[in-house]
Amino acid sequence: MSKKKKVVRKILHNLLLAILAVIWLIPIVWLLVTSFSGYDGMNTSRFFPKTWTINNYFRMLFQSDTVAQFPRWFTNTFIIAIFTCLISTIFILMVSYATSCMRFKGRKALMNAGVMLQLFPGFLSMIAIYFILKAVNLTNSHFGMILVYSGASGLGYLIAKGYFDTIPASLREAAYLEGASELTTFVKIVLPLSQPIVVYTVISSFLVPWADFIFARIILNSGISSDWTVAIGLYNMLQRNLLPNYFSRFCAGGILVAIPIGILFVIMQKFYVEGITGGSVKG
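Those letters in the sequence shown? Residues 969 to 1251, per our numbering, in order.
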């Protein structure tokens, strides 16, 4: 291929990416500018608002009412996400270490079963999970949601296992010769060398309850708005009779929800990318 053709191909490739990026960014930009709109409802006649204000953010954060209780929803979601993140991270890392660094009867069969179960979408089991929680009186309970979110998290061991596979076995063997137990080897040898995959696991575990709507909607169905998560609360603001007065505040809430995740990704981006790339290939 001539140099001229390569340049033209590169230009077309970058142009296509630029067009796709613009298309992808349009809804996000519209959500952002609408959150600063002085008009409470949805204005579809123009992209940018006529008047600008930060009042929507102020009302979401400091003027809760019977419809918009954003601080309460944010607190509920944050508590669920934090506990789920802690439990899920521990489960995933322990299962990954066991399948990567330990040898026991039935190990391969267990790994294959875990991978096969991960192929089925989680919503297929939601109805069964709901009736199980209802039988033990854990519906409309944040504790019940934490149990379900973190209960099967160990099945997502594959990427972390791939990263652990890249750590030289000689380091663990040296620790065993010094009399270290399996737990000591895991905590003091393997984890310090696995910072990228730990960060990746923490972020992934945090995102599951933070962004989930379907399962939270099924479990938290009592109608008590103070028990809702952010996803349920914001969705409720999209009712037809509420749109004229709450749509701009809904947009502000959407931006506020994205801020913590955005900050987390910016801070942890390097480790997050290293965790994905390091764990996607078996060493």
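Just so it is clear, CB atoms sit at the ideal spot from N, CA and C, and this is done for glycine as well.
Point to revise | Nearest-angstrom Cβ-Cβ length linking A1103 and L1061, presumed shorter than 8 Å | key: No, A1103 and L1061 are not in contact; Cβ-Cβ is about 31 Å, not under 8 Å.
Check your understanding: Which one or two residues does DSSP pair with S1005 in a beta bridge?
Key -> W1020
Check your understanding: Do you know offhand how far N1204's Cα is from A1220's?
Key -> 14 Å
Review point. Can you name the start and end residues of the alpha helix (DSSP H) that Y1203 belongs to?
Key: Going by DSSP, Y1203 is part of the alpha helix (DSSP H) stretching over 1198-1204.
Review point. Once you ignore the five residues that flank L984 on each side, which residues in its own chain have a CB closer than 6 Å to its CB?
Key: none
Review point. Using DSSP with H/G/I as helix, E/B as strand and the rest coil, what is V1116?
Key: helix
Check your understanding: Is it true that the region 1117-1128 meets the region 1059-1076, where meeting means three or more beta-carbon pairs spaced less than 8 Å apart?
Key -> yes
Point to revise | Backbone CA spacing between G1090 and S1118 [nearest angstrom] | key: 13 Å
Point to revise | Residue from I1229, G1222, V1234, L1211 whose Cα sits closest to the Cα of T1012 | key: L1211
Exercise for review: Rounded to whole angstroms, what's the CA-CA distance from V1234 to V1158? Just pull it up for me.
Suggested key: 26 Å
Exercise for review: Can you tell me which of L999, I987, L1188 puts its alpha carbon nearest to the alpha carbon of L1101?
Suggested key: L1188
Point to revise | Distance between S1109 and S1190 (C-alpha atoms, nearest Å) | key: The straight-line gap from Cα to Cα measures roughly 10 Å.
Review point. For the 8 Å Cβ check, are there 3 or more pairs between the region 1030-1045 and the region 1129-1142?
Key: no
**Study point:** Extent of the continuous alpha helix (DSSP H) run through M1094
**Key:** 1094-1103
Review point. Can you tell me whether L1202 is buried or exposed, with buried defined as 16 or more other CB within 10 angstroms of its CB?
Key: buried
Review point. DSSP state of K1137, grouped into three classes?
Key: Note on residue identity: the sequence assigns Ala, not Lys, to residue 1137. Reduced to three states, the DSSP call for A1137 is helix.
Practice item. Take the Cβ of R1014 as the centre, count every other Cβ of all protein chains shown within 10 Å, and call the residue buried at 16 or more, exposed below. Key: exposed
Exercise for review: Please state whether DSSP places I996 in a helix, a strand or coil.
Suggested key: If DSSP states are grouped into helix, strand and coil, I996 belongs with the helices.
Review point. Relative to the alpha-carbon of P1039, which residue among I1229, G1222, V1198, L1206 has its alpha-carbon at the smallest distance?
Key: V1198
**Study point:** Selection from W998, I1182, V1176 that minimises the alpha carbon distance to I1055
**Key:** V1176
**Study point:** Residue environment, W992, which counts as buried when at least 16 other CB atoms sit within 10 Å
**Key:** exposed
Exercise for review: Leaving aside the five residues before and after Y1098 along the sequence, list all residues of the same chain whose C-beta is less than 8 Å from its C-beta, in chain order.
Suggested key: T1107, I1186, I1187
Practice item. Please name the residue, chosen from P1228, L1224, D1195, N1213, that lies closest to L999 on a Cα-to-Cα basis. Key: L1224
Check your understanding: What three-state label does DSSP hand E1146 in the structure shown?
Key -> coil
Check your understanding: Excluding the five sequence neighbours on either side, which residues of its own chain have a C-beta within less than 8 Å of the C-beta of E1150, listed in chain order?
Key -> M1070
Point to revise | alpha helix (DSSP H) segment containing P1160, residue limits | key: Looking at the DSSP string, P1160 is not in any alpha helix (DSSP H), and its letter there is neither H nor E.
Check your understanding: Can you tell me whether W1041 is buried or exposed, with buried defined as 16 or more other CB within 10 angstroms of its CB?
Key -> buried
Exercise for review: Taking all protein chains shown into account, decide if P968 is buried (16 or more other Cβ within 10 angstroms of its Cβ) or exposed.
Suggested key: No answer is possible for residue 968: it lies beyond the span of the chain, which begins at 969 and ends at 1251.
Exercise for review: Could you check how far apart the C-beta atoms of F1051 and I1114 are, in whole angstroms? I think they sit under 8 Å.
Suggested key: 5 Å
Point to revise | N1209 in three-state terms, based on DSSP | key: Reduced to three states, the DSSP call for N1209 is coil.
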